[in-house]
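One structure is given here, and the rest of the page talks about it.
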Ligand code: ZN
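In this note's numbering, the protein residues as written are 29 to 279.
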């Protein structure tokens with residue numbers, strides 16, 4: 029009989045999605061490590077956000093803290109030399125004629141997963157957890173479910189070790205991602221943990237493409253008008269509306 033999976037590596041960028049994936053992994057596995065890639069993002073704010081999130085999780089969720097192991101930052105500066113996007117150069121964010129945003133780096137996520145698997149191999153971790161999702165940014169072909177399944181097979185064969193790629197957000201929208209965080213926090217053993225995790229994500233995760241930490245909204249910091257902010261705001265509004273509905277007494 030195959031042993032149950034007990035260890036995971038979370039691809040953790042410090043955004044809302046990957047923080048929710050981290051909570052998912054901490055609720056599920058006994059040992060969880062995190063990895064991010066530094067490829068000359070215009071804003072190192074993301075890299076700072078992830079350290080803040082890790083610190084807050086350790087402080088606020090004592091049942092999760094002992095499971096949370098090493099954090100890894102891998103240098104992927106080489107990616108800058110094959111990209112021509114607003115993430116790495118001073119060009120404005122825009123949608124291309126192909127329907128993909130110009131922040132898209134072809135195959136970026138394939139590289140991330142390959143390096144994550146190599147790291148997981150060295151660290152003895154079985155599950156790769158990633159916040160890819162088909163519902164919001166279906167434009168990213170390297171985030172699709174079929175791509176993930178193909179990668180799982182390629183990595184498992186290529187490293188002769190069975191890896192599981194877990195994608196807890198694949199089929200849910202941003203409102204449901206907020207709700208997932210609330211439910212995970214609520215089951216963490218901390219009184220008021222649901223709201224605490226939502227508050228932590230609002231305050232400390234970073235999503236805005238422009239790296240704006242000056243403007244604070246109900247859903248967190250950001251410029252409020254880039255596609256990432258719009259998506260996050262819309263998701264939070266939907267989540268809040270559902271919560272309010274649920275709080276109404278049954279009639
Ligand atoms: Zn923004």
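Cβ coordinates follow ideal geometry from the N, Cα and C atoms, glycine included. Keep in mind it's a predicted model, so treat the numbers as computed, not measured.
- The ligand ZN has no heavy atom closer than 7 Å to the beta-carbon of residue 109.
- Taking the Cβ of residue 45 as the reference point, every heavy atom of the ligand ZN lies at 7 Å or farther away.
- In this structure, residue 208 lies near residue 48, with their beta-carbon atoms less than 8 Å apart.
- Sequence-distant partners of residue 97 (beyond 5 residues in either direction) whose C-beta falls short of 7 Å from its own C-beta, in its chain, are 59, 60, 61.
- For the options 148, 143, 253, 199, the alpha carbon positioned closest to that of residue 173 is the one of 199.
- In the displayed model, residue 64 falls within a strand according to three-state DSSP.
- A residue is called buried when at least 16 other Cβ atoms come within 10 angstroms of its Cβ; residue 148 meets this threshold and is buried.
- Counting along the chain, no alpha helix (DSSP H) covers residue 100; the unbroken beta strand (DSSP E) around it starts and ends at 96-103.
- Residue range 35-39 is occupied by the beta strand (DSSP E) that includes residue 36.
- DSSP places residue 264 in the helix class (H, G or I) of the three-state scheme.
- Residue 133 and residue 110 have their C-alpha atoms some 8 Å from each other.
- Note that the C-beta distance between residue 156 and residue 146 is not below 8 Å.
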